[in-house]
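Structure record follows, encoded as structure tokens.
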Amino acid sequence: MVGIMNPVSREKLESLSSSVKFAIDLGSKLELCRQLKHDLLEEDAADLSEFLPRIFDLYSDPSGPVRKFATEIIGEIGVKHLEFVPELAPFLITVLEDATPAVARQSVACSIDLFRHTLEKIAIRGLYSSELDSDLESSWSWMLKLKEKIYSIAFQPGSGGIRLVALKFVEAVILLYTPNPNGSLEPPPNEGTSIEFNITWLRGGHPLLNVGDLSIEASQRLVLLLDQLRFPAVKSLTTSVIVVIINSLSAIAKKRPAYYGRILPVLLSLDPPSFVIKGVHVYGAHHALKNALLSCLKCTHPSAAPWRERILGALKEMKAGGLADLALNQVHKINGSVEEEKDDSLLIKEEKPLTKTYDAAGSNVGRKRSGTEGSSDLAEKDEVAGKRVKATPSASEESTKELNRNITVSQGDISSTQSSTRKVDVDTGPVQQLVGMFGALVAQGEKAVGSLGILISNISADLLAEVVMANMCNLPPTHPHTDTDDELLEDMCIVGSDTQAKYPPSFLADVISLSSTFPPIASMLNSQQSVPNKIVKTEGEEEVDVVADPNSALAYAGMAHEDENALLATDLPVSSNIVLPGMKIDPPTPSDIHDTGNLESGIPGLDSSFRNDGLSDTQAASSLVSTDIEDASQEQATSFGGKSPLHVLPSISIDRSEELSPKAAVTDSSSMVSSTATSVVSSCPFVLPKMSAPVVNLSEDQKDDVQKLAFVRIVEAYKQIAVAGGSQVRSSLLAYLGVELPSELELQKVLREHILSDYINHEGHELTLRVLYRLFGKAEDESDFLSCTTAASAYETFLLAVAETLRDSFPPSDKSLSKLLGEAPRLPKSVLNLLGCLCSPGISEKAEESQSGDRVTQGLSTVWSLILLRPPIRDVCLKIALQSAVHHLEEVRMKAIRLVANKLYPLQSIAQQIEEFAREMLLSVVNVDATERTGAEGLISESHKDSDLEKSSNEHQSMSSISKDISADVHQSDTSHSGSSPSVPEAQRCMSLYFALCTKKHSLFGQIFIIYGSASKEVKQAIHRHIPILVRTMGLSSDLLEIISDPPSGSENLLMQVLQTLTEGTVPSAELIFTIKKLFDSKLKVQDVEILVPVLPFLPGDEVLLLFPHLVNLPLDKFQAVLTRLLQGSAHSGPVLTPAEVLIAIHGIVPERDGIPLKKVTDACNACFEQRHIFTQQVLAKVLNQLVERIPLPLLFMRTVLQAIGAFPALVEFIMEILSRLVSKQIWQNPKLWVGFLKCALLTKPQSFSVLLQLPPPQLENALNRTAALKAPLVAHASQQNIRNSLPRSMLAVLGLAPDTQSSSQAQTSQAHTGDTSNSEKDAAVTEKSKESSSAS
Amino acid sequence: MKFRYAMVCSSNQNRSMEAHSLLKKQGFDVSSYGTGAHVKLPGPSLREPNVYEFGTPYKHMFDDLRRKDPELYKRNGILPMLKRNLSVKLAPQRWQDNAADGCFDIVFTFEEKVFDMVLEDLHNRDQVLLKSVLVINLEVKDNHEEAAIGARIALDLCEQIEAVESWEDSIDDIMVSFENKHRRKLLYSISFY
């Protein structure tokens, strides 16, 4: 079959190998290699031998990965076909030198495999036959060469990354060369079975391999390895090499315990500080060493035992004491399991020495602990771990119970123990020091009262709470005389707070209470012996006190049956649990001789406080639970001497089995107590009589209920604290309890309800903060995900609930919420959301009630204070305020804008942000329609379009007033974009903030000018609405002037409005006028005289006159406005021009010269005439009087005259005078005026006859020819005798009254006629025009 | 990407998954594991954590918790986290059971305890391949914020490692420069497959 396959597969292989060679990219090369490898490994030896050169050939590939792969293939072929070793080994040796580290490493990796297989094969072959074939021998010699080569790499300094693998190779060889104590002692019965190779198989002799020689070589190599770690060689190593060597050594030590004694001294002498070799990185090596030592510690081999002490010592130095304990515990476990089959006595024997060392370690830990007992974070951690311990089932037998527990801890939650152990070294335990201090002071009696007071008033309430909690364990179990309750209560006020001033009379009593409060401490300090006594005593308390105290005995008796008493009874275990959280969980026992008994001693006298409570309940309803602690101490003082004999240690064995399993937590407190003890006491054996006592077993649920009930009681009692005062200290205590107790009990809810039921009277703020700080501390401090997430969640829930209640139940004017948020340690997102909803109603809630306005104010003022007080969340708060500032409700918006512009914007640090936000909002309004307008046309077309728009807007502008402007825009926007640009309210929503900022920083105003041109009509409308208020608020500043002096194109209308607003009701400053004039002169040119309009009243008359043609050129309505302005002038300076001056100015305009359509001028005139109350008869007369003197006469003179007559017929006489003056001025010379003159004459007949008759005869004839209607009446008039007589003959001839002069007059007429014809066309036009205008007027 | 990476924390939920997600996005060949006995997620209280077996799909946990108390688990960030996780891979995996997943070149842990467990596990395996593996511990506090920061730092470190030809030769330099840059203490060890 092989034969058949061969040709095919060889062909395939060849083609594969060649395609590998010629493949272009690395990926396909590697893929081909993979295939090749797969195929090759299925070949048999004969074919492979032919093919080997081709594979070697592959190695010549330039790319590292391919060479690496080739090496790998070689290695695998070698392992499969050991007969090739003589060929492959030289190859691998070459590869070791490869320039690419990865390839060289691969070679080492292949080598170890090859080496192991060769060794095994030779060894086993040798076992079954005395002769080995030469092939194998040569293989072996090659392998040895390879090995030597790798050795040289391993021990040669500076060979880089390959050295790591080479060192590992050394480790592997050492392991192969040395007997494995745990391995199979006998070789496999036949070749081929796979059992891990063990050199011991060869001890019977082998033709090639000598066990002794191999072992010698192994130890030589080990020495070399060890030497690497010795000074000074270690100095030249890199951290990675050190790590690898340490790891290798620890592995060797573990697997070959025989070398334990050689390796450990080196490891132990490896001085961590010496790791500061190549500079910085020492942790890796340090940690590796620690782990190595720990794993050595776990070694159970007898040869390891002597080293334990030293390892422990070293680990302790490395601050890994806790870990060492754990490791030891594991040893316990291992021992236990290993020797399980052996009889019990052996087990005990085995354990004894271990326990000793264990104790030694434990005492050390315990001592360290003592200092930090009360430190809250530690306590918290311990609580957590404690619970876990509790959760684990401990149903095992008593003898192994402790071990089991330890194991549980070590397996599950190393971290907590570990971290607490570490902390111990840092923390010096201020609480315990304080407890000691208090004790010392109290011991001095009355003279120390002052100092005590000072001490109490100087430490924080939180710390005091810790001290109280820490001192709980010192409380005696019984209450001596209940009738002192009230007195004590009073005293307590002084203990708790510095109210000495308030209660001077009770001062003496205080002294007594103080000294009685701390006797346990005092006694602890004074007599060491009493302490262990007390510890032991407290252990038995629960049970023994039942008998001792009549009251509680009653409670106990009733426990099982009577409802009311059940409560009291259950208080006892509760109390123990209350203490527990603050205690240690660590199983290690302190240096107490009663190691197991001590474990039980955990429930120090807090229970007595509850008993007191029960007592006072029965005694007086007004009793305050808060005094319980003090009561307890008091009672302790009295009961101390007498009671102690009763407090005996119950039978250890029974107690353990009964009590420990359900309540493993009890043990937690042990270290607390014991450590307190050890802090003062060294050790004092105290033999206690055994005694059995009733033990109450409670289920978890029952315990929970009981704890909860107890807490509820405490909380209830706190409600009365306000009466007693001093709640500051107590609230710390309450918060402590509420948080430290297991959170499952929903105690925080109880606490919250308490707080919220009467926030003010219950000092809700203080209490809330204390709870929050506790929770926060917990969340921050916990390192594991579970507890820190839980604590953070509890924190958030608590804060949010309180905040919501404050919001809902307090009037908006209340500052509690603001204060709370200002002082809470952290504001989670949900709370910020709440604030956001408050500031921007409607975001998530439905329409608010009528109060919403006030709520917004409340929210905003809170935000403001947060911004001021909490820089880290400033951005978030600012965002809330800004969102509110663009709220859709104007009321909300205006409030927020006021806050932002007036209060926040002036803050340097956030001004920039506010500005950016406002600008963004402003631009968003414009950009929306800009983008819609341009669509896909792109920027170029946009700018093009913009200029178009400008043009058209300019045109529009010149024709329409500002008020019409909008309609022009409508047109514009309608044609240019049919987009959904923001509505006016929407535009206002977005822009209001920016406008408000403009009033604070005028330079911002410029942006509005810039966007104005491209804004939609709605936006423009919104802008126009704002401008008057805005500009008035801003006033004229240099910034504004600057903007005005160079307005961007397209903003003319805006500019106009601004100017109007600026000049409204005030006198514009000289600068403004100057700026405007300059602007007019420089930029806007003739057409935009409009911009001058607002300041016209303030310009000197002559300047206005100069501008007059431009003004006349304005649209009529604008001109009318101008007229009014000019004539009214400003309040301060009076009219700029008199009506007469105006009219004269109008007449001074020469259309051709000034480039103004005649129509405009006539319109202007008409406008004047419309205001007859201004342009009165007198004015007209004056004007005409002046005008008539003008040379040349104004074009419209006659028109005006005609209008004057039309308006004021009474002026006829005056007009006649004018006409006659015109005659004298030879009015006929000006054909246009001549027409008017005649018209006027016709109009004013018969009065005009006398004037007509003043005309020279030719002109008269002309006149009569033109206006035939005049002729007859004139002739009639002239026919009157008196007139006729006065007329010269030529005149009469013209009139036809003297026929003989016909011819001459004829000639004259023709003359005039000729002159007339030349002008006739023009005249016709003028006539037309004047007709029009007169009809218009 | 020439190296295979593994991100390891205790529950294969927060820190390791944050890093896994980030590195995956950056195109790294990355896996993630947890070393704990179970997958523990916060519950309504400390005493009642949600405990799952490794291998339970994230989706399952997500649905489970959403059913239990959507409000709570959304607020404490668990649901968002699970959502992220289920977009990265199917279910949390346990480090100790990952032998079948092949060799990794670089293993990141985010807690010293986990670091030790990984190393111990590696030492307990048969080290026959002699393939070196770099185990790095970057101490990261186990909350959402820190995890995000930690993942970014891990990414940075991975990129630096990726940039050199073989980490064996330059790991000390990388570590030193990294520590100087981020001011964070690193712990590393070298083990073998």
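Chains as they are written, first to last, in UniProt numbering: chain A, 1 to 1337; chain B, 1 to 193. C-beta atoms are modelled at their ideal positions from N, C-alpha and C, and glycine is treated no differently. Here the structure is a predicted model, which means the values were calculated and not measured.
- Query: Is there a Cβ from chain A that is less than 8 angstroms from the Cβ of F3 (chain B)?
  - Reply: No, F3 (chain B) does not count as interfacial toward chain A.
- Below 7 angstroms CB to CB, which residues in the same chain sit around G36 (chain B) once its five sequence neighbours on both sides are set aside? So the list reads S10, S11, once near-sequence residues are dropped.
- Message: When you compare the CB of E796 (chain A) with every CB in chain B, is at least one pair closer than 8 angstroms?
- Response: Chain B contact via Cβ: present.
- Going by CA-CA distance only, name the one from A:M472, A:M469, A:G436, A:A470 that's closest to L455 (chain A). The option with the nearest alpha carbon to L455 (chain A) is A:G436.
- Query: Can you tell me the Cα-Cα spacing of E50 (chain A) and D133 (chain A), whole angstroms?
  - Reply: Spanning the two alpha carbons is a distance of roughly 22 angstroms.
- Message: I'd like to know whether the C-beta atoms of I190 (chain B) and V243 (chain A) end up nearer to each other than 8 angstroms.
- Response: Yes, they are a contact pair.
- Mark F1098 (chain A) as exposed unless 16 or more other C-beta atoms lie within 10 angstroms of its C-beta, in which case mark it buried. With 16 or more Cβ atoms within 10 Å of its Cβ, F1098 (chain A) is classed as buried.
- Message: One question on the structure: do V165 (chain A) and V241 (chain A) come within less than 8 angstroms of each other, judged by their Cβ atoms?
- Response: For V165 (chain A) and V241 (chain A), no; Cβs fall outside 8 angstroms.
- Message: Between F91 (chain A) and chain B, is the shortest Cβ-Cβ distance under 8 angstroms, so that the two count as touching?
- Response: Cβ-Cβ to chain B under 8 angstroms: no for F91 (chain A).
- Quick one: list the residues of chain A neighbouring R75 (chain B), beta-carbon separation under 7 angstroms, in chain order. By Cβ distance, chain A contributes S793, E796, S830.
- How many Å lie between L1126 (chain A) and L1096 (chain A) at the Cα? When only Cα atoms are considered, L1126 (chain A) and L1096 (chain A) end up about 7 angstroms apart.
- Decide if K181 (chain B) is buried, meaning its Cβ has at least 16 other Cβ atoms within 10 Å, or exposed. The Cβ neighbour count for K181 (chain B), taken over all protein chains shown within 10 Å, is under 16; the residue is labelled exposed.
- Query: Taking contact to mean at least 3 C-beta pairs separated by less than 8 angstroms, is the region 1007–1021 of chain A in contact with the region 1038–1049 of chain A?
  - Reply: A contact is defined here as three or more CB-CB pairs under 8 angstroms, and the region 1007–1021 of chain A meets this definition with respect to the region 1038–1049 of chain A.
- Verify the CB distance criterion: does I190 (chain B) have a CB-CB separation below 8 angstroms to chain A? Chain A, which has a Cβ nearer than 8 angstroms to the Cβ of I190 (chain B), makes this yes.
- Query: Since D29 (chain B) sits in a beta bridge, which residues does DSSP pair it with?
  - Reply: Paired residue(s): B:R4.
- Message: Whole angstroms are fine: how far does the CA of L1062 (chain A) sit from the CA of residue 1409 (chain A)?
- Response: Because chain A is modelled from 1 through 1337, residue 1409 (chain A) falls outside the range shown and cannot be assessed.
- Query: Is E659 (chain A) helix, strand or coil by DSSP?
  - Reply: Note that E659 (chain A) has pLDDT 40, beneath the 50 cutoff, so the model's placement of it is unreliable and the number below is only indicative. Three-state result, E659 (chain A): helix.
- Message: Checking 8 angstroms against the spacing of the C-beta atoms, do L860 (chain A) and V831 (chain A) come in under that value?
- Response: No, Cβ-Cβ distance for L860 (chain A) and V831 (chain A) is not below 8 angstroms.
- With K1225 (chain A) as the anchor, note down where its beta strand (DSSP E) starts and where it stops. No beta strand (DSSP E) contains K1225 (chain A), which DSSP labels as neither H nor E.
- Quick one: what does DSSP say R184 (chain B) is sitting in, helix, strand or coil? Three-state DSSP puts R184 (chain B) in coil, outside helix and strand.
- Query: Under the three-state reduction of DSSP, which class applies to L1107 (chain A): helix, strand or coil?
  - Reply: DSSP places L1107 (chain A) in the helix class (H, G or I) of the three-state scheme.
- Short CB-CB distance (under 8 angstroms) between V243 (chain A) and chain B: V243 (chain A) counts as touching chain B.
- Task: Find the nearest neighbour of E1052 (chain A) within the set A:A1070, A:I1076, A:E76, judged by alpha-carbon distance.
- Result: The option with the nearest alpha carbon to E1052 (chain A) is A:I1076.
- Task: Look up Y759 (chain A) in the DSSP assignment and say whether it is helix, strand or coil.
- Result: It is coil, neither helix nor strand.
- Item | Backbone CA spacing between A907 (chain A) and N50 (chain B) [nearest angstrom] | According to the sequence as given, residue 907 (chain A) is Leu; it is not Ala. L907 (chain A) and N50 (chain B) have their C-alpha atoms roughly 48 angstroms apart.
- Query: For a contact meaning CB atoms closer than 8 angstroms, what does H20 (chain B) contact in chain A?
  - Reply: Residues of chain A with a Cβ closer than 8 angstroms to the Cβ of H20 (chain B) do not exist; the shortest Cβ-Cβ separation is about 16 angstroms.
- Task: Report, in whole angstroms, the separation of the C-beta atoms of A292 (chain A) and L249 (chain A), which I expect to be a contact under 8 angstroms.
- Result: About 7 angstroms separates the two Cβ atoms, so the contact holds.
- Task: Excluding the 5 residues preceding and the 5 following D39 (chain A) in the sequence, name in chain order all residues of the same chain whose CB lies nearer than 8 angstroms to its CB.
- Result: Cβ within range, chain order: S9, K12, L13, L16.
- Message: Quick check: what's the CA-CA separation for L1030 (chain A) versus S1038 (chain A)?
- Response: If you take the alpha carbons of L1030 (chain A) and S1038 (chain A), they lie about 16 angstroms apart.
- Which bits of chain B does V108 (chain A) rub up against, with CB to CB less than 9 angstroms? Those within 9 angstroms of V108 (chain A) in chain B are L130.
- On a CA-only basis, which of A:R898, A:R989, A:V886, A:E76 is nearest L41 (chain A)? Give me that one, please. Comparing alpha carbon positions, the residue from A:R898, A:R989, A:V886, A:E76 closest to L41 (chain A) is A:E76.
- Message: Rounding to the nearest angstrom, what Cα-Cα distance links V1150 (chain A) and M1034 (chain A) in this structure?
- Response: Cα-Cα distance, rounded: 42 angstroms.
- Item | Per-residue DSSP class, three states only, for L1287 (chain A) | L1287 (chain A) carries a coil assignment under DSSP once its states are collapsed to helix, strand and coil.
- Query: Can you give the Cα-Cα distance for H301 (chain A) and G183 (chain A), rounded to whole angstroms?
  - Reply: Looking at the two C-alpha atoms, the distance is approximately 14 angstroms.
- Task: Name the two residues that bound the continuous beta strand (DSSP E) containing V1150 (chain A).
- Result: For V1150 (chain A), there is no enclosing beta strand (DSSP E), as DSSP gives it neither H nor E.
- Item | Host beta strand (DSSP E) of Y52 (chain B) (start-end) | For Y52 (chain B), the enclosing beta strand (DSSP E) stretches over residues 50–52.
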